[in-house]
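With our numbering as the guide, the letters of the sequence shown map in order to residues 3 to 400.
Have a look at the structure below, then the notes.
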Amino acid sequence: MIARERDFINKEAIIDLGSNSIRMLIYDNILNSQIPVFNEKAVCQLGKNLDRTGKLDPKGAEFALTVLKRFKQILSNLKVKKYKAIGTAALREATDAKEFIIKAQKIIKKKIVILSGNKEAENSALGVIIGFQKVNGVVADLGGGSLELARVEKNIIHEKISLPLGVLRLFNQPKRNKNKVRKIISFYLNKIEWLRKNKIKNLYLCGGTWRTFMNAHMIKSDYPLAILHQYKLSGFETLKFANKLNSIKAIKYEKLASATKSRTNYIPIGGFILSNLIRICDPVNVFLSQSGVREGSLISRSHLRVLQNNSLNRSVHFISHKKADYAANYLKLYNFIKNLFLSNEKHFPHRLLLPACSLSNFDWGLGVYQRAELVFQEVINAPILKLSHSDRIKLGLV
3 MIARERDFIN KEAIIDLGSN SIRMLIYDNI LNSQIPVFNE KAVCQLGKNL DRTGKLDPKG
63 AEFALTVLKR FKQILSNLKV KKYKAIGTAA LREATDAKEF IIKAQKIIKK KIVILSGNKE
123 AENSALGVII GFQKVNGVVA DLGGGSLELA RVEKNIIHEK ISLPLGVLRL FNQPKRNKNK
183 VRKIISFYLN KIEWLRKNKI KNLYLCGGTW RTFMNAHMIK SDYPLAILHQ YKLSGFETLK
243 FANKLNSIKA IKYEKLASAT KSRTNYIPIG GFILSNLIRI CDPVNVFLSQ SGVREGSLIS
303 RSHLRVLQNN SLNRSVHFIS HKKADYAANY LKLYNFIKNL FLSNEKHFPH RLLLPACSLS
363 NFDWGLGVYQ RAELVFQEVI NAPILKLSHS DRIKLGLV
């Protein structure tokens with residue numbers, strides 16, 4: 003079997019039918035690299051009027067079916083045979099969801115798994131666990147129709163809950179209820195005892211609105227790395243920025259409307275939910291996670307055990323092989339120098355030594371005069387979720 007054909011076997015995709023948008027991600031090999039090679043979304047707003055009508059938005063549903071036809075065509079063109087489809091809040095709650103699901107399943111030729119609120123919270127937490135070295139704190143996934151929360155200690159999921167606090171749902175409240183939105187948010191969050199009683203070190207944010215929020219902070223602060231995953235702020239910094247972007251007018255005043263784009267309307271609501279969470283659980287750090295419910299839905303329990311044990315090394319070997327180091331020459335370099343780094347853990351963690359050796363072949367085939375700059379950028383942006391921003395800088399300099 004030629005290499006190109008073999009690559010298709012491990013490609014895996016997921017279609018996420020959310021309340022606000024529908025997204026499809028395709029992975030080369032989910033066990034070896036949890037960063038998608040294809041990532042496309044369409045804003046359909048299936049749950050736009052869910053609270054008012056109890057039904058899916060008709061125009062949104064029609065558009066969603068058109069989008070699914072395109073996604074299925076892409077899967078066929080790329081010969082991706084392994085794929086899943088999941089549905090969240092809008093498809094859980096809408097009275098006419100069954101009719102839509104039947105039509106959608108005929109198009110994509112796959113059963114759509116409707117996640118319960120607790121299952122969505124669990125899968126979001128699993129997605130974060132595979133994206134960080136060690137997860138301790140609360141995972142918060144904010145979508146269009148709901149907010150999922152899960153408490154995780156040492157990569158083990160404990161309490162979890164789903165709340166009807168999605169940004170699309172809250173934004174489309176009837177005008178007479180607009181002034182009640184903040185009270186609604188506070189009411190639901192203040193009821194969660196485990197959120198108040200447990201000491202929370204870290205808060206991990208998932209979802210498009212918070213991704214946009216953190217990206218806006220990155221732009222405003224002239225952050226040198228254009229990498230959102232594992233972007234970290236203190237709880238105080240996050241609270242301060244959320245309070246600053248408390249209205250659409252404020253976002254425009256800060257000249258961030260171009261950065262927030264289609265989610266400008268939702269940032270103030272997402273910010274208020276976030277500020278409430280911070281006041282309740284008082285986290286030391288707030289992280290942004292690019293991996294969440296989609297990655298968590300693709301990873302089985304057996305896969306999770308594999309990833310927790312050696313996901314960094316698996317990713318390293320996978321990338322090295324893609325760079326044509328078929329003989330794994332980097333292992334020879336690693337075995338040659340590893341003893342020199344045994345007493346240097348403080349300045350260069352031993353777990354980064356193997357990735358450093360692997361990434362040392364990134365200059366293969368590059369022009370001589372720009373080699374250093376090109377390799378530095380490629381290493382910093384290496385598709386490995388487990389690397390923190392500090393890790394990336396160290397590897398880039400090495």
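C-beta: ideal position from N, C-alpha, C; glycine also.
- For the pair of segments examined, the region 139-155 was found to touch the region 206-217: the number of CB pairs separated by less than 8 Å reaches three.
- Taking the Cα of E42 as reference, the smallest distance to any Cα among I24, K13, T68 and N383 is reached at I24.
- DSSP assignment within the region 69-107 yields the following whole alpha helix (DSSP H) runs of 4 residues or more, N-terminal first: 91-95.
- Non-local C-beta neighbours of N200 in its own chain, meaning closer than 8 Å and more than five positions away in sequence, comprise R153 and C283, ordered along the chain.
- Around the beta-carbon of P226, fewer than 16 other beta-carbon atoms lie within 10 Å, marking it exposed.
- Burial check for R265: the Cβ neighbour count within 10 Å reaches 16 or more, so the residue is buried.
- Of all C-beta pairs linking the region 281-299 to the region 121-135, three or more are shorter than 8 Å, placing the two stretches in contact.
- If you check the CB distance, G20 and G145 come in under 8 Å.
- Annotation: the continuous alpha helix (DSSP H) that includes R394 extends over H391 to L399.
- The region 27-43 and the region 87-95 do not touch, with fewer than 3 CB-CB distances between them shorter than 8 Å.
- Taking every protein chain shown into account, the CB of Y29 has 16 or more other CB atoms within 10 angstroms, so this residue is buried.
- According to the DSSP assignment, E122 belongs to the alpha helix (DSSP H) that extends over G119 to I131.
- Within the same chain, Cβ atoms closer than 7 Å to the Cβ of S390 are found at Q232, the five residues on either side in sequence being excluded.
- The shortest C-alpha to C-alpha distance from D53 to any of Q175, I159, F274 and V381 is the one to Q175.
- Here the C-alpha atom of I132 lies approximately 14 Å from the C-alpha atom of N31.
- Per the Cβ contact rule, the region 327-347 is not in contact with the region 238-247 (fewer than 3 Cβ pairs under 8 Å).
- DSSP places A66 in the helix class (H, G or I) of the three-state scheme.
- Here the region 345-364 makes no contact with the region 70-86; the two share fewer than three CB pairs at distances below 8 Å.
- For S236, the closest of S223, N204, S164 and E256 by C-alpha to C-alpha distance is N204.
- Close CB contacts of I280 within its chain, under the 8 Å cut and outside five residues either way in sequence, are with L205, G237, T240, L241, A244 and V288 (chain order).
- Between I103 and I88, the CB-CB gap reaches or exceeds 8 Å.
- Out of A384, S392 and S360, the CA that lies nearest to the CA of H349 is found in S392.
- Here the C-alpha atom of N22 lies approximately 6 Å from the C-alpha atom of G49.
- Taking the Cβ atoms as the reference, V130 lies roughly 6 Å from V137, within the contact range of under 8 Å.
- At a Cβ-Cβ threshold of 8 Å, V169 and Y268 count as neighbours.
- In summary, S223 is exposed, with fewer than 16 beta-carbon neighbours lying within 10 Å of its beta-carbon over all protein chains present.
- Under the 10 Å beta carbon count, R213 is surrounded by 16 or more other beta carbons and is classified as buried.
- Runs of the alpha helix (DSSP H) lying entirely within the region 320-383 and spanning at least 4 residues, in chain order: 331-339, 355-361 and 373-382.
- The C-alpha of I382 is placed about 14 Å away from the C-alpha of R373.
- With 16 or more other CB atoms across the displayed protein chains lying within 10 angstroms of its CB, R171 is buried.
- Pairing A218 with I321 gives a Cβ-Cβ distance that is not under 8 Å.
- Per DSSP, Y206 is one residue of the beta strand (DSSP E) stretching across N204 to C208.
- The beta carbon of K396 sits closer than 7 Å to the beta carbons of F350 and L354 from its chain, once the five residues preceding and following it are set aside; these are given in chain order.
- N278 counts as buried, since no fewer than 16 other beta carbons sit within 10 angstroms of its beta carbon.
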